[in-house]
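Here's the structure, in structure tokens; my notes come after.
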């Protein structure tokens, strides 16, 4: 009886995705039609709350044509330990996060360090929709229609020096707004990092939206990283600092369990987590498991970054 | 009356509530984005809870002197086995979908699954020998056999602890309660040893 029920639950079917898509297309075409008549569309209104439509979002050839998960699935099943370790707590707890005003300090080994206001940062580069697969290290996956811009657009603007070998990202530290930080589950604030060539890869984006709207808080508002060929925890949320450094940053999960979470954390079905297999994954909304692919299926695009690398050593 | 029916029937209903609530949430589509995970977690949690409740019967009896409580222990223990079976079936069926090679690899390679699997296997002989006829037939050996439940309970907590990524608070709470329940037994058992009694006396009564 239980079986039949869970088989029935395909919330992606319950939530009318088509409505989202058609609505977005309608807004998109409306925006395009209006573009000639009125001022160029402003990405954010002053009320930059989740649910606000983002204007002028372009499609991208880097998107997958797989069926995206529903808005409900993407916004109610989250790992965001700053708001609690249960999957459903971020949706509830992140309501109290205030995302305006918000600044992102871009610093370190660069010629043009700057503290960016979030609304200025968002206007650096045209917004694109990127529909990506996301594979969590826990063995589940989703397809998510992000809105954002390539990370390289920011990096090239701040002019890294030859010493900038890595990029380090830091999440907001504020236990008042982020109740999960009141407990030492991780060494707060959350820190993640990429090698500079990984950060320059066209697939790596800074996301500010979801399903054509301003990013909900529980998904990492106001701005987060998305690196689709790596396990989800690499895609750090609610970023306040981006620092260019010479030495490999020590990330939050590396500090928590160095033998379990490596700096690279590329999706790889052949390299198991010490405690569980990574060979298969459950796509949220599906009943049976799928095979997991090397680099989460982005092998063609990113394999050249890792030529000759021993993935068992650099996991 | 003699057989405690007035309390056994409502207790039976209460023990079925976790399953009923899970089934209701499934029926109404309230199991969230990953229903299989919720079913796995819930049945696993209730297995641990029923193991701990079962293990608290003896300390409670000693504490309150309400010896009739022992009449409830079999039902509680069987419910631990019942939820463990659901948990195990969920893993085999919904999670792995009978991929036997994958399951065998899990059991051999993943310590948390090895421990969980072993703990479940150890419960089977206990459930099988829970009938009154078996209790009579096994006599003193019945009690020895049923001490295996301590191993299962410890295994269950370890199984939980080893699967958690970073937040070990919940498994630790179960571990603490279990440690307390096991400590009760050690204390009462050691309390019957004369040398231990003497040692306690020496500790408590300051020597001149």
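Chains as they are written, first to last, in this note's numbering: chain A, 1 to 315; chain B, 1001 to 1208.
The beta carbon of each residue, even a glycine, is placed where N, CA and C say it ideally should be.
Practice task
Tell me whether residue 142(A) sits in a helix, a strand or coil according to DSSP, three-state version.
Solution key: Position 142 of the first chain, counted from the first residue, corresponds to residue 142(A). Residue 142(A) falls in the strand class under three-state DSSP.
Exercise for the section: Please name the residue, chosen from 1179(B), 1069(B), 1009(B), that lies closest to residue 1058(B) on a Cα-to-Cα basis. Expected result: On the second chain, position 58 is the one that residue 1058(B) refers to. Comparing Cα positions, the closest option is 1069(B).
Handout entry: Segments of 4+ residues assigned as alpha helix (DSSP H) that fall wholly inside the region 186 to 228 of chain A
Key = 196 to 199
Exercise for the section: May I have the straight-line CA-CA distance separating residue 307(A) from residue 120(A), to the nearest angstrom? Expected result: For this step, residue 307(A) is matched to residue 307 along the first chain. For this step, residue 120(A) is matched to residue 120 along the first chain. Cα to Cα, residue 307(A) sits roughly 37 Å from residue 120(A).
Handout entry: Close beta carbons around residue 27(A), own chain, < 8 Å, minus the five adjacent residues each side
Key = By one-based count along the first chain, residue 27(A) stands at place 27. Summary for residue 27(A): the model assigns pLDDT 47, below 50, so the residue's position carries little reliability; its value from the coordinates is reported in the next sentence. Excluding positions up to five away in sequence, the list reads 53, 55, 212.
Handout entry: Close Cβ partners of residue 128(A) (< 6 Å) along its chain, the five nearest in sequence each way excluded
Key = On the first chain, position 128 is the one that residue 128(A) refers to. Cβ neighbours of residue 128(A) beyond the five flanking positions: 58, 60.
Handout entry: Burial state of residue 314(A) (16 or more Cβ within 10 Å)
Key = Within the first chain, the letter at position 314 stands for residue 314(A). Classification for residue 314(A): exposed.
Practice task
Give me the Cα-Cα distance between residue 1194(B) and residue 1201(B), rounded to the nearest whole angstrom.
Solution key: Here residue 1194(B) is taken as the residue at index 194 of the second chain, counted from 1. Here residue 1201(B) is taken as the residue at index 201 of the second chain, counted from 1. When rounded, the distance between both Cα atoms is 10 Å.
Practice task
Give a yes or no on whether 8 Å exceeds the smallest Cβ distance from residue 1162(B) to chain A.
Solution key: Walking along the second chain from the start, residue 1162(B) turns up at place 162. Interface residue, yes.
Problem - Simplified DSSP state of residue 149(A), which is helix, strand or coil - result: Taking the first chain and counting its residues from 1, the one referred to as residue 149(A) is at position 149. If DSSP states are grouped into helix, strand and coil, residue 149(A) belongs with the strands.
Exercise for the section: Output yes if chain B places a C-beta closer than 8 Å to the C-beta of residue 186(A); else output no. Expected result: Stepping through the first chain from its first residue, residue 186(A) is reached at position 186. It does: the Cβ of residue 186(A) has a partner Cβ on chain B nearer than 8 Å.
Problem - Distance CB(residue 153(A))-CB(residue 124(A)) smaller than 8 Å - result: Locating residue 153(A) in the first chain gives position 153, counting from the first residue. Locating residue 124(A) in the first chain gives position 124, counting from the first residue. Closer than 8 Å, so yes.
Practice task
Would you list, in chain order, the members of the region 1109 to 1137 of chain B that have their beta-carbon closer than 9 Å to a beta-carbon of chain A?
Solution key: 1109, 1110, 1111, 1112, 1113
Practice task
Specify whether the region 195 to 208 of chain A and the region 67 to 79 of chain A touch according to this definition: at least 3 beta carbon pairs, one from each stretch, less than 8 Å apart.
Solution key: no
Handout entry: Under 8 Å by beta carbon: chain A residues contacting residue 1032(B)
Key = Counting from 1 along the second chain, the entry for residue 1032(B) is found at position 32. Within 8 Å Cβ-Cβ: 76, 77, 87, 88.
Handout entry: Buried or exposed (CB count within 10 angstroms, at least 16 for buried), residue 1028(B)
Key = For the purposes of this step, residue 1028(B) is identified with residue 28 of the second chain, where counting begins at 1. Exposed.
Practice task
Pull up the distance between the alpha-carbon of residue 157(A) and that of residue 150(A), whole angstroms please.
Solution key: As a first step, residue 157(A) is located in the first chain; it is residue number 157 there, counting from the start. As a first step, residue 150(A) is located in the first chain; it is residue number 150 there, counting from the start. Rounded to the nearest angstrom, the two C-alpha atoms are 12 Å apart.
Practice task
Mark residue 1124(B) as exposed unless 16 or more other C-beta atoms lie within 10 angstroms of its C-beta, in which case mark it buried.
Solution key: By 1-based counting over the second chain, the position of residue 1124(B) is 124. By the 10 Å Cβ count, residue 1124(B) comes out exposed.
Practice task
Would you list, in chain order, the members of the region 276 to 309 of chain A that have their beta-carbon closer than 9 Å to a beta-carbon of chain B?
Solution key: 276, 277, 279, 280, 282, 284, 285, 287, 288, 289
Handout entry: Reference residue 132(A), options 235(A), 194(A), 102(A), 172(A), closest by Cα
Key = To locate residue 132(A), count along the first chain from 1; it is residue 132. Residue 132(A) has its Cα closest to that of 235(A), out of 235(A), 194(A), 102(A), 172(A).
Practice task
Check whether the Cβ atoms of residue 1177(B) and residue 1052(B) sit closer than 8 Å, and answer yes or no.
Solution key: Here the question's residue 1177(B) lines up with position 177 in the second chain. Here the question's residue 1052(B) lines up with position 52 in the second chain. Yes, they are a contact pair.
Practice task
Using 10 angstroms around the beta-carbon of residue 207(A), count the other beta-carbons present and answer buried if the total reaches 16, otherwise exposed.
Solution key: As a first step, residue 207(A) is located in the first chain; it is residue number 207 there, counting from the start. The residue in question, residue 207(A), is buried, as its Cβ has 16 or more Cβ neighbours within 10 Å.
Handout entry: DSSP state of residue 135(A) mapped onto helix, strand, coil
Key = Against the first chain, residue 135(A) aligns to sequence position 135. Here residue 135(A) sits in strand by DSSP.
Exercise for the section: Measure the Cβ-Cβ separation of residue 50(A) and residue 172(A) and say whether it is below 8 Å. Expected result: For this step, residue 50(A) is matched to residue 50 along the first chain. For this step, residue 172(A) is matched to residue 172 along the first chain. Not closer than 8 Å, so no.
Handout entry: Own chain partners of residue 36(A) with C-beta closer than 8 Å, once the 5 adjacent residues on each side are dropped
Key = As a first step, residue 36(A) is located in the first chain; it is residue number 36 there, counting from the start. Residue placement at residue 36(A) is poorly supported in this model, since its pLDDT is 42, which falls under 50; the coordinates still yield a value, given next. Around residue 36(A): no qualifying Cβ.
Practice task
Please name the residue in 1075(B), 1114(B), 1113(B), 1147(B) whose C-alpha comes closest to that of residue 1005(B).
Solution key: Taking the first residue of the second chain as position 1, residue 1005(B) is located at position 5. When only C-alpha atoms are compared, the closest one is 1075(B).
Handout entry: residue 182(A) versus residue 1171(B) - alpha carbon distance
Key = Locating residue 182(A) in the first chain gives position 182, where the first residue counts as 1. Locating residue 1171(B) in the second chain gives position 171, where the first residue counts as 1. About 19 Å.
Problem - Proximal residues of chain B, C-beta to C-beta of residue 140(A) below 7 Å - result: Position 140 of the first chain, counted from the start, is the residue given in the question as residue 140(A). Ordered by position in chain B, the residues that pass the 7 Å Cβ test against residue 140(A) are 1034.
Problem - Reduced DSSP category for residue 32(A) - H, G, I as helix; E, B as strand; rest coil - result: As a working mapping, residue 32(A) is identified with position 32 in the first chain. Any reading at residue 32(A) is ruled out, since the residue's pLDDT is 44, under 50, leaving its predicted position unreliable.
Exercise for the section: Compute the distance between the beta-carbons of residue 1118(B) and residue 1065(B), then report whether it is under 8 Å. Expected result: In the second chain, residue 1118(B) corresponds to position 118, counting from 1. In the second chain, residue 1065(B) corresponds to position 65, counting from 1. For residue 1118(B) and residue 1065(B), no; Cβs fall outside 8 Å.
Handout entry: chain B residues whose Cβ lies nearer than 8 Å to that of residue 256(A)
Key = Your numbering for residue 256(A) matches position 256 in the first chain. Correct list: 1166.
Handout entry: Neighbourhood of residue 110(A) by C-beta, 8 Å cutoff - its chain only, sequence neighbours within 5 removed
Key = Mapped onto the first chain, residue 110(A) falls at position 110. So the qualifying residues of the chain are 158, 159, 160, 161, 164, 244.
Exercise for the section: Using the Cα positions of residue 1036(B) and residue 1189(B), report the straight-line distance between them to the nearest angstrom. Expected result: Reading the second chain from its first residue, position 36 is the one you call residue 1036(B). Reading the second chain from its first residue, position 189 is the one you call residue 1189(B). For residue 1036(B) and residue 1189(B), the distance between alpha carbons rounds to 43 Å.
Exercise for the section: Quick one: residues in its chain with C-beta nearer than 7 Å to the C-beta of residue 1112(B), no 5 flanking neighbours on either side, listed in chain order? Expected result: Taking the second chain and counting its residues from 1, the one referred to as residue 1112(B) is at position 112. Same-chain partners within the cutoff: 1159, 1162, 1163.
Practice task
State the CB to CB distance for the pair residue 226(A) and residue 146(A), rounded to an integer number of angstroms; the pair is presumed to be in contact (CB under 8 Å).
Solution key: Along the first chain, read from residue 1 onward, the residue named residue 226(A) stands at position 226. Along the first chain, read from residue 1 onward, the residue named residue 146(A) stands at position 146. That pair is a contact at about 5 Å.
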